[in-house]
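Novice:
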Amino acid sequence: KAGVTQTPRYLIKTRGQQVTLSCSPISGHRSVSWYQQTPGQGLQFLFEYFSETQRNKGNFPGRFSGRQFSNSRSEMNVSTLELGDSALYLCASRLVTGGEKLFFGSGTQLSVL
Amino acid sequence: QKEVEQNSGPLSVPEGAIASLNCTYSDRGSQSFFWYRQYSGKSPELIMFIYSNGDKEDGRFTAQLNKASQYVSLLIRDSQPSDSATYLCAVTGTASKLTFGTGTRLQVTL
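In order, the protein sequences belong to chains A and B. Just so you know, we're using our numbering here: the first sequence kicks off at 1 and counts up by one. Just so you know, we're using our numbering here: the second sequence kicks off at 1001 and counts up by one.
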């Protein structure tokens, strides 16, 4: 069974640009969550999608948005990039929302110059 | 108060010793508790989960949960250098959101 797949693996952007990250969950998993990880803040929850609906949202500005498609694949968009957005963005999937185990992809390392 | 708190470490233990990692959480309605291991430059990997009070053992790992005291711990017996990593505690709260602690860095020395 294939794991969670994230693309691209690395990304370099400049301030003010926008970026879209992609995530394909484990087959059969309907919930996709996004996290931002930085050395100082650890893993910060961005949002979770289930059946194309956002179920939970973390404390990030509106520049961070996401969506989920009918095949459970998800995209995350960050507009008007800032230097502080440089981080590892991790996608994770689980069967449904709730207590089920969460499985992570390899992440997208975003560098904003 | 942070939702999930861990000592950042580093926690240094000699090879063969028991490593004890602790985590406290603030949401009394939390139902599910997880331990993830993250090697440098890699993504988190689930190693243990526990839903009920008490102990749960899996090989060299034991997860302990005490809901009354709102803490969960991870014991690693016979620690090996390959156990050196950051260990993340994660808790599913009443809103079904999974919240992570900032992690404890474990160093197993030869």
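We put the beta carbon where it would ideally sit given N, CA and C, even for glycine.
Would you say B/Ser1043 and A/Gly40 are within 8 angstroms of each other, going by their C-beta atoms?
Specialist: For this step, residue 1043 of chain B is matched to residue 43 along the second sequence. For this step, residue 40 of chain A is matched to residue 40 along the first sequence. No. Outside cutoff.
Novice: Could you tell me whether the Cβ of B/Gly1103 comes closer than 8 angstroms to any Cβ of chain A?
Specialist: Numbered from its first residue, the second sequence carries residue 1103 of chain B at position 103. So yes, B/Gly1103 belongs to the interface.
Novice: May I have the straight-line CA-CA distance separating B/Ile1047 from B/Ile1076, to the nearest angstrom?
Specialist: Translated into positions along the second sequence, residue 1047 of chain B becomes position 47. Translated into positions along the second sequence, residue 1076 of chain B becomes position 76. Distance between the alpha carbons of B/Ile1047 and B/Ile1076: 11 angstroms.
Novice: State yes or no: is the beta carbon of B/Phe1049 nearer than 8 angstroms to at least one beta carbon in chain A?
Specialist: Taking the second sequence and counting its residues from 1, one reaches residue 1049 of chain B at position 49. Chain A contact via Cβ: present.
Novice: Applying the criterion that 16 or more other CB atoms from any shown protein chain within 10 Å of the CB defines a buried residue, is B/Arg1037 buried or exposed?
Specialist: In the second sequence, counting from the first residue as 1, residue 1037 of chain B sits at position 37. Buried, because 16 or more other Cβ atoms sit within 10 Å of the Cβ of B/Arg1037.
Novice: Touch check for the stretch 6-19 of chain A and the stretch 51-62 of chain A: three-plus C-beta pairs under 8 angstroms?
Specialist: Counting Cβ pairs under 8 angstroms, fewer than three are found: no touch.
Novice: For the stretch 1040-1073 of chain B, which residues have a CB atom closer than 8 angstroms to at least one CB atom of chain A, in sequence order?
Specialist: Listed in sequence order: Lys1042, Ser1043, Pro1044, Glu1045, Leu1046, Phe1049 and Tyr1051.
Novice: Would you call A/Tyr89 buried or exposed, if buried means 16 or more other Cβ atoms sit within 10 Å of its Cβ?
Specialist: For the purposes of this step, residue 89 of chain A is identified with residue 89 of the first sequence, where counting begins at 1. Buried, because 16 or more other Cβ atoms sit within 10 Å of the Cβ of A/Tyr89.
Novice: What span of residues does the beta strand (DSSP E) with A/Gly42 cover, start to end?
Specialist: Walking along the first sequence from the start, residue 42 of chain A turns up at place 42. Start and end: Gly42 to Phe50.
Novice: Can you check which of these residues, A/Met76, A/Tyr49 and A/Ser22, is closest to A/Val96 by C-alpha distance?
Specialist: Taking the first sequence and counting its residues from 1, one reaches residue 96 of chain A at position 96. Taking only the C-alpha atoms, the option nearest A/Val96 is A/Tyr49.
Novice: Along the beta strand (DSSP E) that carries B/Asp1055, what are the first and last residues, could you check?
Specialist: As a working note, residue 1055 of chain B is residue 55 in the second sequence. Counting along the chain, the beta strand (DSSP E) containing B/Asp1055 begins and ends at Gly1054 to Asp1058.
Novice: Tell me where the beta strand (DSSP E) around B/Ser1079 begins and ends.
Specialist: Within the second sequence, the letter at position 79 stands for residue 1079 of chain B. From DSSP, B/Ser1079 is part of no beta strand (DSSP E); its letter is neither H nor E.
Novice: Should the stretch 22-31 of chain A be called in touch with the stretch 1013-1025 of chain B, which here means at least 3 C-beta pairs below 8 angstroms?
Specialist: No contact exists between the stretch 22-31 of chain A and the stretch 1013-1025 of chain B.
Novice: Quick check: what's the CA-CA separation for B/Ser1082 versus B/Leu1074?
Specialist: Here residue 1082 of chain B is taken as the residue at index 82 of the second sequence, counted from 1. Here residue 1074 of chain B is taken as the residue at index 74 of the second sequence, counted from 1. Near 16 angstroms, if we compare the C-alpha coordinates of B/Leu1074 and B/Ser1082.
Novice: State the Cα-Cα distance for the pair B/Glu1003 and A/Gln44, rounded to the nearest angstrom.
Specialist: Counting from 1 along the second sequence, the entry for residue 1003 of chain B is found at position 3. Counting from 1 along the first sequence, the entry for residue 44 of chain A is found at position 44. Computed Cα separation, rounded: 12 angstroms.
Novice: Tell me the DSSP secondary structure of A/Leu83 in three-state form.
Specialist: Taking the first residue of the first sequence as 1, we reach residue 83 of chain A at position 83. Three-state result, A/Leu83: helix.
Novice: In angstroms with no decimal places, state the Cα-to-Cα distance between B/Glu1045 and A/Thr80.
Specialist: For this step, residue 1045 of chain B is matched to residue 45 along the second sequence. For this step, residue 80 of chain A is matched to residue 80 along the first sequence. Near 32 angstroms, if we compare the C-alpha coordinates of A/Thr80 and B/Glu1045.
Novice: CA-CA distance, B/Gln1080 and A/Phe69?
Specialist: The count along the second sequence starts at 1 and reaches residue 1080 of chain B at position 80. The count along the first sequence starts at 1 and reaches residue 69 of chain A at position 69. Between B/Gln1080 and A/Phe69, the C-alpha separation is close to 43 angstroms.
Novice: Just checking: is the beta-carbon of B/Ala1019 within a distance shorter than 8 angstroms of some beta-carbon in chain A?
Specialist: Start at 1 with the first residue of the second sequence, and residue 1019 of chain B comes out as number 19. No, no contact with chain A.
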